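> Here's a structure for you.
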């Protein structure tokens, strides 16, 4: 019995592990020179493995697919993921925001330990193998360093990722291969992405890359405290990513999403207004705001960029804007720049074991499926959970066929 897993990200590796634990021969084929490239980059600044939030709050993070993920996370949820990491020798801790990180923060030690264990279980790795689809006899075609090769297996797990960060292997080209087989695929869209506001050249040149570390972003009756980063074209960062799905959908429906930003969440509006109502004397507005409110220069730049001059000179209007600065979000950033992808293979095409209903023995997992979740550990946990379910399904298929 042999199963081929196509894709060496978290979902694919987890599927392979489940299969190998059951004594099934597993070969992982990955397009990149080494597996887990996107996983490594995602953990470069600190691997947010999962979240400590109770399942009652965790599951709704999967939006329209929450019902499905209730079942998936019941089988392999955040606590299971932490125990799994511990078995690899990776201790974890809960940060102040509730996010769960490895003690060493980085993803590389975990990935090294995981691949070492997989190899000890007999899993083989075939890197630089780019999937080209199926041969007429049902074999799997790959472009490899030795030219095109065709291999056969008793089952296949597709874990090919979405279409973000294509330079790391997730280019979404599998969409055509599956569509040719009649598989219904929801259009892929950017998720956990930044948005354009079309800054003036002066503002972009001066403030691109600046971070506002303590703000509250509000959109559609949702408010999140955290950080945003100004970019050459708009904004990105934790707050933006967490609300990117409703913002993206609002732009698609209306051509614009009007959010707001509280630049001083620890002060109420009355306190801000009282400070602004004091004598300004000969001070410039920037100097006055810096002395009275300790406002970050980038925040002051935002006010100048987005407000008319008369509002800047009116303490009441300025105080209101500091507490709720209107942000006209125009466009999501292009899909290749997004952290993750919405859309993909619709779950209606899959059975409960994540096998394609019209392609017996072919399973799918991870970000190539039609779901999305915010960063903060939810996205990665979902990938692990779908990979495990697909691996279990493939194991059952090959042992009972």
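In UniProt numbering, the protein residues as written are 1 to 401.
Just so it is clear, CB atoms sit at the ideal spot from N, CA and C, and this is done for glycine as well.
Bear in mind the structure is a predicted one, so any value in this text is a computation, not a measurement.
(1) If contact is defined by three or more beta carbon pairs under 8 angstroms, each pair taking one atom from either stretch, is the segment 191 to 198 in contact with the segment 278 to 297?
(2) Say whether the segment 257 to 266 touches the segment 325 to 337, bearing in mind that this needs 3 or more beta-carbon pairs closer than 8 angstroms, one atom from each stretch.
(3) Looking at residue 229 and the ligand GDP, is the gap between the Cβ and the nearest heavy atom below 6 angstroms?
(4) Assuming residue 151 contacts residue 391 (C-beta within less than 8 angstroms), just tell me the rounded distance between them.
(5) Taking 6 angstroms as the limit between beta carbons, can you name the residues of its chain near residue 2, skipping five residues before and five after?
(6) Taking the continuous alpha helix (DSSP H) assigned at residue 188, which residues delimit it?
(7) Assess, as a yes-or-no matter, whether the segment 218 to 231 is touched by the segment 174 to 184 under the definition of 3 or more beta carbon pairs within less than 8 angstroms.
(8) Go ahead and label residue 103 buried or exposed: buried means 16 or more other beta carbons lie within 10 angstroms of its beta carbon, across all protein chains shown.
(9) Look at residue 318 and residue 312 and say whether their C-beta atoms are less than 7 angstroms apart.
(10) Do residue 100 and residue 49 count as a contact pair if the criterion is CB distance below 7 angstroms?
(11) Apart from the five residues on each side of it in sequence, which residues of its chain come closer than 6 angstroms, Cβ to Cβ, to residue 280?
(12) Within 10 angstroms of the Cβ of residue 335, are there 16 or more other Cβ atoms? Answer buried if so, exposed if not.
(13) List in chain order: all unbroken beta strand (DSSP E) runs of 3+ residues lying wholly within the UniProt domain "RsdA/BaiN/AoA(So)-like insert" (189 to 340).
(14) Just to confirm the assignment, what range does the beta strand (DSSP E) spanning residue 25 have?
(15) Quick check on the DSSP output: the beta strand (DSSP E) that includes residue 131 runs from which residue to which?
(16) DSSP state of residue 90, grouped into three classes?
(17) How many angstroms separate the CA atom of residue 19 from the CA atom of residue 184?
(18) Return the Cβ separation of residue 160 and residue 143 in integer angstroms, given the expectation that the two are a contact with Cβ distance under 8 angstroms.
(19) Span of the beta strand (DSSP E) holding residue 37?
(20) Is residue 219 buried or exposed, if buried means 16 or more other CB atoms sit within 10 Å of its CB?
(21) Return the first residue and the last residue of the beta strand (DSSP E) that residue 17 is part of.
(22) Apart from the five residues just before and just after residue 43, which ones in its own chain have a Cβ nearer than 6 angstroms to its Cβ?
(23) Are the segment 367 to 381 and the segment 60 to 74 touching, with three or more C-beta to C-beta distances below 8 angstroms?
(24) For a cutoff of 7 angstroms on Cβ pairs, would you count residue 305 as touching chain C?
(25) Can you list the beta strand (DSSP E) stretches of 3 or more residues lying completely in the segment 133 to 157, in chain order?
(26) Is residue 202 buried or exposed, if buried means 16 or more other CB atoms sit within 10 Å of its CB?
Put simply:
(1) no
(2) Counting Cβ pairs under 8 angstroms, three or more are found: they touch.
(3) Absence of the ligand GDP is noted for the structure shown, with no ligands found whatsoever.
(4) So it is not a contact: roughly 19 angstroms between Cβ atoms.
(5) Closer than 6 angstroms at the Cβ level, and outside the excluded window around residue 2, lie 25, 153, 154.
(6) Element bounds for residue 188: not the alpha helix (DSSP H) but the beta strand (DSSP E), 185 to 191.
(7) no
(8) Exposed.
(9) yes
(10) yes
(11) 288
(12) buried
(13) 211 to 219, 222 to 230, 234 to 236, 257 to 262, 325 to 329
(14) 25 to 29
(15) 130 to 134
(16) Collapsing the DSSP output to three states places residue 90 in coil.
(17) Between the alpha carbons of residue 19 and residue 184 lies a gap of roughly 27 angstroms.
(18) About 14 angstroms separates the beta carbons of residue 160 and residue 143, which is beyond the 8 angstroms limit, so they are not a contact pair.
(19) Segment 37 to 42 is the alpha helix (DSSP H) holding residue 37; no beta strand (DSSP E) there.
(20) buried
(21) Unbroken run through residue 17 is the alpha helix (DSSP H), 10 to 21; no beta strand (DSSP E).
(22) Within the same chain, residue 43 has close Cβ partners 106, 107.
(23) By the Cβ test, the segment 367 to 381 is in contact with the segment 60 to 74, since at least three Cβ pairs between them sit closer than 8 angstroms.
(24) Among the chains in the structure shown there is no chain C, since it carries only a single protein chain.
(25) 140 to 144, 147 to 151
(26) exposed
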